[in-house]
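This report concerns only the one structure given below.
Protein chains: 2
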Amino acid sequence: MKKKKENSNASGLKIIPLGGLEQIGMNITAFQYEDSIIVVDCGLSFPADDMLGIDLVIPDVTYLKDNIDKVKGFVITHGHEDHIGALPYVLRDINVPIYATRLTMGIIENKLTEHNLMKKTKRKVVKFGQSINLGDFRVEFIKTNHSIVDAAALAIYSPAGIVVHTGDFKVDYTPVYGDAIDLQRFAEIGKKGVLALMCDSTNAERPGFTPSEKTVGKTFDTLFEEHKNTRIFVATFASNVDRVQQIINTAYKFGRKVAVEGRSMVNILDTAIKLECINIPENTLVDLDQMKNYPDEQQVIITTGSQGESMAALSRMANNMHRKITIGAGDTVIFSSNPIPGNEKSVTKIINELLRKGADVIFQDAHVSGHACQEEIKLIYTLIHPKYAVPVHGEYKHLKAQAKIAESLGISKDNIFILSSGDVLEVSEEQAKVAGRVPVGAILVDGLGVGDVGNVVLRDRQHLAEDGIMIVVMSLDRASGELVAGPDIVSRGFVYVKESDELIEEARRTVDDALQACLDKGITDWGKLKTTTKDVLGDYVWKKTKRRPMILPIIMEV
Amino acid sequence: MKKKKENSNASGLKIIPLGGLEQIGMNITAFQYEDSIIVVDCGLSFPADDMLGIDLVIPDVTYLKDNIDKVKGFVITHGHEDHIGALPYVLRDINVPIYATRLTMGIIENKLTEHNLMKKTKRKVVKFGQSINLGDFRVEFIKTNHSIVDAAALAIYSPAGIVVHTGDFKVDYTPVYGDAIDLQRFAEIGKKGVLALMCDSTNAERPGFTPSEKTVGKTFDTLFEEHKNTRIFVATFASNVDRVQQIINTAYKFGRKVAVEGRSMVNILDTAIKLECINIPENTLVDLDQMKNYPDEQQVIITTGSQGESMAALSRMANNMHRKITIGAGDTVIFSSNPIPGNEKSVTKIINELLRKGADVIFQDAHVSGHACQEEIKLIYTLIHPKYAVPVHGEYKHLKAQAKIAESLGISKDNIFILSSGDVLEVSEEQAKVAGRVPVGAILVDGLGVGDVGNVVLRDRQHLAEDGIMIVVMSLDRASGELVAGPDIVSRGFVYVKESDELIEEARRTVDDALQACLDKGITDWGKLKTTTKDVLGDYVWKKTKRRPMILPIIMEV
Numbered sequence: 001m002k003k004k005k006e007n008s009n010a011s012g013l014k015i016i017p018l019g020g021l022e023q024i025g026m027n028i029t030a031f032q033y034e035d036s037i038i039v040v041d042c043g044l045s046f047p048a049d050d051m052l053g054i055d056l057v058i059p060d061v062t063y064l065k066d067n068i069d070k071v072k073g074f075v076i077t078h079g080h081e082d083h084i085g086a087l088p089y090v091l092r093d094i095n096v097p098i099y100a101t102r103l104t105m106g107i108i109e110n111k112l113t114e115h116n117l118m119k120k121t122k123r124k125v126v127k128f129g130q131s132i133n134l135g136d137f138r139v140e141f142i143k144t145n146h147s148i149v150d151a152a153a154l155a156i157y158s159p160a161g162i163v164v165h166t167g168d169f170k171v172d173y174t175p176v177y178g179d180a181i182d183l184q185r186f187a188e189i190g191k192k193g194v195l196a197l198m199c200d201s202t203n204a205e206r207p208g209f210t211p212s213e214k215t216v217g218k219t220f221d222t223l224f225e226e227h228k229n230t231r232i233f234v235a236t237f238a239s240n241v242d243r244v245q246q247i248i249n250t251a252y253k254f255g256r257k258v259a260v261e262g263r264s265m266v267n268i269l270d271t272a273i274k275l276e277c278i279n280i281p282e283n284t285l286v287d288l289d290q291m292k293n294y295p296d297e298q299q300v301i302i303t304t305g306s307q308g309e310s311m312a313a314l315s316r317m318a319n320n321m322h323r324k325i326t327i328g329a330g331d332t333v334i335f336s337s338n339p340i341p342g343n344e345k346s347v348t349k350i351i352n353e354l355l356r357k358g359a360d361v362i363f364q365d366a367h368v369s370g371h372a373c374q375e376e377i378k379l380i381y382t383l384i385h386p387k388y389a390v391p392v393h394g395e396y397k398h399l400k401a402q403a404k405i406a407e408s409l410g411i412s413k414d415n416i417f418i419l420s421s422g423d424v425l426e427v428s429e430e431q432a433k434v435a436g437r438v439p440v441g442a443i444l445v446d447g448l449g450v451g452d453v454g455n456v457v458l459r460d461r462q463h464l465a466e467d468g469i470m471i472v473v474m475s476l477d478r479a480s481g482e483l484v485a486g487p488d489i490v491s492r493g494f495v496y497v498k499e500s501d502e503l504i505e506e507a508r509r510t511v512d513d514a515l516q517a518c519l520d521k522g523i524t525d526w527g528k529l530k531t532t533t534k535d536v537l538g539d540y541v542w543k544k545t546k547r548r549p550m551i552l553p554i555i556m557e558v
Numbered sequence: 001m002k003k004k005k006e007n008s009n010a011s012g013l014k015i016i017p018l019g020g021l022e023q024i025g026m027n028i029t030a031f032q033y034e035d036s037i038i039v040v041d042c043g044l045s046f047p048a049d050d051m052l053g054i055d056l057v058i059p060d061v062t063y064l065k066d067n068i069d070k071v072k073g074f075v076i077t078h079g080h081e082d083h084i085g086a087l088p089y090v091l092r093d094i095n096v097p098i099y100a101t102r103l104t105m106g107i108i109e110n111k112l113t114e115h116n117l118m119k120k121t122k123r124k125v126v127k128f129g130q131s132i133n134l135g136d137f138r139v140e141f142i143k144t145n146h147s148i149v150d151a152a153a154l155a156i157y158s159p160a161g162i163v164v165h166t167g168d169f170k171v172d173y174t175p176v177y178g179d180a181i182d183l184q185r186f187a188e189i190g191k192k193g194v195l196a197l198m199c200d201s202t203n204a205e206r207p208g209f210t211p212s213e214k215t216v217g218k219t220f221d222t223l224f225e226e227h228k229n230t231r232i233f234v235a236t237f238a239s240n241v242d243r244v245q246q247i248i249n250t251a252y253k254f255g256r257k258v259a260v261e262g263r264s265m266v267n268i269l270d271t272a273i274k275l276e277c278i279n280i281p282e283n284t285l286v287d288l289d290q291m292k293n294y295p296d297e298q299q300v301i302i303t304t305g306s307q308g309e310s311m312a313a314l315s316r317m318a319n320n321m322h323r324k325i326t327i328g329a330g331d332t333v334i335f336s337s338n339p340i341p342g343n344e345k346s347v348t349k350i351i352n353e354l355l356r357k358g359a360d361v362i363f364q365d366a367h368v369s370g371h372a373c374q375e376e377i378k379l380i381y382t383l384i385h386p387k388y389a390v391p392v393h394g395e396y397k398h399l400k401a402q403a404k405i406a407e408s409l410g411i412s413k414d415n416i417f418i419l420s421s422g423d424v425l426e427v428s429e430e431q432a433k434v435a436g437r438v439p440v441g442a443i444l445v446d447g448l449g450v451g452d453v454g455n456v457v458l459r460d461r462q463h464l465a466e467d468g469i470m471i472v473v474m475s476l477d478r479a480s481g482e483l484v485a486g487p488d489i490v491s492r493g494f495v496y497v498k499e500s501d502e503l504i505e506e507a508r509r510t511v512d513d514a515l516q517a518c519l520d521k522g523i524t525d526w527g528k529l530k531t532t533t534k535d536v537l538g539d540y541v542w543k544k545t546k547r548r549p550m551i552l553p554i555i556m557e558v
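The listed protein sequences derive, respectively, from chains H and S.
FYI, in the UniProt record's numbering the residues of the first sequence are 1 to 558.
FYI, in the UniProt record's numbering the residues of the second sequence are 1 to 558.
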């Protein structure tokens, strides 16, 4: 206790979110006490609508690079992409050990294998209740419930005090696999005195309690009973092993065989089987190829694609583009998922497609959330009884909603911090304040390129997407400075040339006249010729079409 | 009755949807009896996500053009874009009279004025209960309720029988303006015997009854009471005149002045005032410029932008980009709207932005739908008691949901028709069947161009958006066929050149080598040189970056 007091006066604990607060996903938070840094999670996020052509987005970890000697390790809460997805990219620069529970590590190892990083990366599987020492920190893994098995909350012990980070969680008193969230341990730690609680805000706008995952199992029983004579497809999230377990349980009850389709689904199921996180009755799981040996009413196909992703298995099976299976009249398709915000339209599209094919589609009531609603959040706050509240995981409106909950529980407004990525929150018994900023940002990954697509490229893509491009090529004679070929205009994404020969030809003449006028006046400066081309052609095209294609003059010297 | 029998044997009535069934919006349906055609509605739809750069989408009316001598007029149900928006475009080819109720016509006339079509277009305002004769048809306008004033259902009397088309509707027993839906007239017509009912399916998946628009007024009273000391902004749909009326009523009750912001909002309000569809207490409506003369607690600003549109007034006021007003701490913003499917993310974005600015944001409970839920649909079916059911207005899943309702009310499956755009449904007392197809399609409008952006251009835009473009220019000597300049590579939207000089230079050398090899072999055919360039550069770039930019070789001859 004495040491704690002294140290907190000296420097205190720094909580530094490096991502996750300006967007859904990309969760990564550094905790620093003097010369020790630990990093909780290392997630990716998916590109926003205006990030054209981008595959995924990872956090800028410049701060960790600059302090690489202090970084002790990654401590991972659970195996979802928004918590582990950036690891293969970040590990290239920040090669420190990874600590995670069993299934979480299994999924991480799939990624490391894919990126050829297994040998280079130290890993340690941690059990619930177990602690690891990392420099000045001790981190304890606490059992929680979530939409993936083996999710953990973290109690982070530092000389300045304890921080509890819930990760993504819900309270499930009757989980499908393993134990309920370890509320007793939350209470014990709360009794010790907790400096700060960083709690999942995803469902903080929703009143009440999220139902148990087990309720979905009952729904499956009912739905299978109602559709006894049809082939059944269930679309769900690949990582929701408990959901898959329940589908298999119900299938077994009704004497059906189960096949699993979609690469990510197969991968995670393999890992779950290997790690014994799922319990499959003998002779229930069959290969998709063998399904043809069974009548429709003995088949269940669990598939990816519940978000309407056009390349996922469900979409391909609905559009006759799957090499083995086509969904059609008489089939039943259960969506065991909700659309993630932004995916509503693509989910509706595939539902319409399936209905049009004659399938029976069930897209309500076969899903529960994996995140805590308001009453669960209140429960955790009450058990932990923190001095400071730092809502995490969610958009600003969700963080704000949790802040309101914290306030309603008696935490003073001054002790609630809605942080931005890059904020340095210094916390001690005496006070907490945002005491600085570190560099943060989103790095775009496109194909093999990490960070080589910046704002200029994105703006160009947006411009190209909007109205296409007009390229004006011309050749100037090196000696005389005269135009010896061109200007010629080539367009793409503007108008289809055959439909608009006249427009293009008149545009060409307009540019030609303007260029000749320049050259006649003795203007041969390439910059001026290009500017003239852009201005004249831009004006002409806007007047004629009210469009602004990108205009790209190219001068060759011969 | 005799005539009817004879005629229905001869040819029957044709119902031909020319749009509106494959997408939300673009509602337009032709009704043909021998040499008479009438067209119900003429709407636009908004571009799908993959229609890059497209402003709006209008129906292909080739069938009407081919039968222009038979077309008697447009009969419009109400003044929403998805029912009137294509008129200014379609009228250029199909210049026939327009029939609509008062406010509907007022909004149409705004459009015609904008497109300079007022003088050329015959128009007739029709009252509820009134009928118009159009060739072999008589069309009666029946009062309904919807989220816009003056919405009408149509009873279409033909020698083959009666078709009732509800338009978009709900049942509101206590409407804000004017009368409740004329259920008595629906019943009377039902008694006569109705051949087919074409009923709004938008909310056919929702059980129960849509609440009265008046309930929103009560919500406003409560919210204004709770936020007595702040400036209040209300964002809603420009066309919902009743909603604006209720906001004004509540503002007046609380001694507040009202200003209206956003071009479409101002336009429709002006029209509604002119046509006396709205009742504004004296000295309540003030100019936005004058608002500064009143304290915050006496201000209400009604604004567009409830869908998070980045250029609308709300967004500009939230982002300090509005020239007169900035929303900030202490302001209250009420969203009196629900996100239209596909807009969820942009709505959430602006909510987060407003919260971050310190505004209090209310985005639930201050809206009701304008469409009938299941019990209302059942009511209309029961009053009309049609022989055939033709669900309209909605995506496939909504049409299917209404079909299920119709079945549950005893209409045989064989008498329910879920049509596709272009289907020709022949209906008579004896039978109904899809007896043919007419050409239909979606015509893309981009700037001034109508239909000049086709699939090739869209595919190019998608390609450009995904990975950008690499342009390879070179000059060949006319006489010798030798390369006298280039190949040079210019890229846009691929990688920012300064970050990737080496990559581009190596790519250039690779192309150069390949071209020289061709030329050395005596290959000077431009097609072959271009193909070689595309292949070699494409392979190189894919290998190095896993991207596939558009590659455009341009050869100049000098």
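Built from N, CA and C at the ideal position, the CB exists for glycine as well.
With 8 angstroms as the threshold, decide whether the Cβ of residue 311 of chain S is near any Cβ in chain H.
-> Here residue 311 of chain S is taken as the residue at index 311 of the second sequence, counted from 1. Chain H, which has no Cβ nearer than 8 angstroms to the Cβ of residue 311 of chain S, makes this no.
Does any CB atom of chain H fall closer than 8 angstroms to the CB of residue 452 of chain S?
-> Numbered from its first residue, the second sequence carries residue 452 of chain S at position 452. Answer yes: the Cβ-Cβ gap between residue 452 of chain S and chain H drops below 8 angstroms somewhere.
Is any beta-carbon of chain H found at less than 8 angstroms from that of residue 552 of chain S?
-> If you number the second sequence from 1, residue 552 of chain S lands on position 552. The C-beta of residue 552 of chain S comes closer than 8 angstroms to at least one C-beta of chain H.
Please check if any C-beta of chain B sits within less than 8 angstroms of the C-beta of residue 439 of chain H.
-> Note that chain B does not occur in the displayed structure, where the protein chains are H and S.
Is there at least one Cβ from chain S nearer than 8 angstroms to residue 469 of chain H's Cβ?
-> In the first sequence, residue 469 of chain H corresponds to position 469, counting from 1. Yes, residue 469 of chain H lies at the interface with chain S (some Cβ there is under 8 angstroms from its Cβ).
Residue 355 of chain S at chain H interface by Cβ criterion, 8 angstroms = Position 355 of the second sequence holds residue 355 of chain S. True, the Cβ-Cβ gap to chain H drops below 8 angstroms.
Members of the stretch 479-506 of chain S near chain H, C-beta cut-off 8 angstroms | 484, 485, 486, 488, 490, 492, 493, 494, 495, 496, 499, 500
Span of the alpha helix (DSSP H) holding residue 491 of chain S?
-> Position 491 of the second sequence holds residue 491 of chain S. Careful: residue 491 of chain S lies outside any alpha helix (DSSP H), inside the beta strand (DSSP E) at 483-492.
Which term fits residue 12 of chain H, buried or exposed, when burial requires 16 or more other beta carbons within 10 angstroms of its beta carbon?
-> Taking the first residue of the first sequence as position 1, residue 12 of chain H is located at position 12. So residue 12 of chain H ends up on the buried side.
In its own chain, which residues sit with a C-beta less than 8 angstroms from the C-beta of residue 298 of chain H, not counting the 5 before and 5 after it?
-> The sequence position of residue 298 of chain H within the first sequence is 298, counting from 1. Around residue 298 of chain H: 255, 256, 257.
Give the range of the alpha helix (DSSP H) segment to which residue 525 of chain H is assigned.
-> Looking up residue 525 of chain H in the first sequence gives position 525. Looking at the DSSP string, residue 525 of chain H is not in any alpha helix (DSSP H), and its letter there is neither H nor E.
Length-filtered (3 minimum) beta strand (DSSP E) runs lying within the stretch 409-456 of chain S = 423-427, 432-437, 442-446
Three-state secondary structure assigned by DSSP to residue 607 of chain S | Here chain S covers residues 1 to 558 and nothing more, so residue 607 of chain S does not appear.
Please list, in chain order, all residues of the same chain as residue 53 of chain S whose beta carbon is under 7 angstroms from its beta carbon, the five residues on each side excluded.
-> The residue given as residue 53 of chain S occupies position 53 in the second sequence. Excluding residues within five positions, the ones whose Cβ falls inside 7 angstroms are 446, 461.
How about residue 73 of chain H and residue 107 of chain H: do their beta carbons lie closer than 8 angstroms?
-> For the purposes of this step, residue 73 of chain H is identified with residue 73 of the first sequence, where counting begins at 1. For the purposes of this step, residue 107 of chain H is identified with residue 107 of the first sequence, where counting begins at 1. No, Cβ-Cβ distance for residue 73 of chain H and residue 107 of chain H is not below 8 angstroms.
In whole angstroms, what is the alpha-carbon distance linking residue 554 of chain S and residue 307 of chain H?
-> Within the second sequence, residue 554 of chain S is the residue found at index 554, counting from 1. Within the first sequence, residue 307 of chain H is the residue found at index 307, counting from 1. The straight-line gap from Cα to Cα measures roughly 42 angstroms.
Exposure of residue 455 of chain S, with buried meaning 16 or more beta-carbon neighbours within 10 Å | As a working mapping, residue 455 of chain S is identified with position 455 in the second sequence. Classification of residue 455 of chain S: exposed, given that the 10 Å Cβ count is below 16.
Let me know the secondary structure DSSP gives residue 318 of chain H once reduced to three states.
-> Position 318 of the first sequence holds residue 318 of chain H. In the structure shown, residue 318 of chain H sits in a helix (DSSP, three-state: H, G or I).
Rounded to a whole number of angstroms, what is the C-alpha to C-alpha distance between residue 288 of chain H and residue 201 of chain S?
-> Here residue 288 of chain H refers to the residue found at position 288 when the first sequence is read from its first residue. Here residue 201 of chain S refers to the residue found at position 201 when the second sequence is read from its first residue. Their Cα atoms are separated by approximately 38 angstroms.
Counting pairs of beta carbons, one from the stretch 162-179 of chain S and one from the stretch 403-413 of chain S, are three or more of them closer than 8 angstroms?
-> no
Would you check if the distance between the CB atom of residue 152 of chain S and the CB atom of residue 101 of chain S is smaller than 8 angstroms?
-> Residue numbering aside, residue 152 of chain S sits at position 152 when the second sequence is read from its first letter. Residue numbering aside, residue 101 of chain S sits at position 101 when the second sequence is read from its first letter. In contact: residue 152 of chain S and residue 101 of chain S (Cβ atoms closer than 8 angstroms).
Closest by CA to residue 479 of chain S, which one among S/26, S/556, S/434, S/551?
-> As a first step, residue 479 of chain S must be located in the second sequence, where it is residue number 479. Looking at the Cα atoms, S/556 is the closest of the given residues.
Residues from the stretch 276-293 of chain S in contact with chain H, defined by Cβ distance under 9 angstroms | none
Beta carbon proximity, residue 557 of chain S to chain H, threshold 8 angstroms = Here residue 557 of chain S corresponds to residue number 557 of the second sequence, with the count starting at 1. Yes, its Cβ sits closer than 8 angstroms to a Cβ of chain H.
Grab me the residues of residue 375 of chain H's own chain with a C-beta within less than 8 angstroms of its C-beta, minus the 5 sequence neighbours each way, in chain order.
-> On the first sequence, residue 375 of chain H is found 375 positions in, with the first residue counted as 1. Here the set comprises 207, 208, 209.
Just how far apart, CA to CA, sit residue 237 of chain S and residue 147 of chain S?
-> The residue given as residue 237 of chain S occupies position 237 in the second sequence. The residue given as residue 147 of chain S occupies position 147 in the second sequence. Spanning the two alpha carbons is a distance of roughly 9 angstroms.
Could one say the Cβ of residue 52 of chain S lies closer than 8 angstroms to chain H's Cβ atoms, at least one of them?
-> One-based indexing of the second sequence puts residue 52 of chain S at position 52. So, interface residue.
Assign residue 349 of chain S to buried or exposed, taking buried as 16 or more other Cβ atoms, counted over all protein chains shown, within 10 Å of its Cβ.
-> Position 349 of the second sequence, counting from 1, holds the residue named residue 349 of chain S. It counts as buried.
Answer with yes or no whether the minimum CB distance from residue 449 of chain S to chain H is below 8 angstroms.
-> The sequence position of residue 449 of chain S within the second sequence is 449, counting from 1. True, the Cβ-Cβ gap to chain H drops below 8 angstroms.
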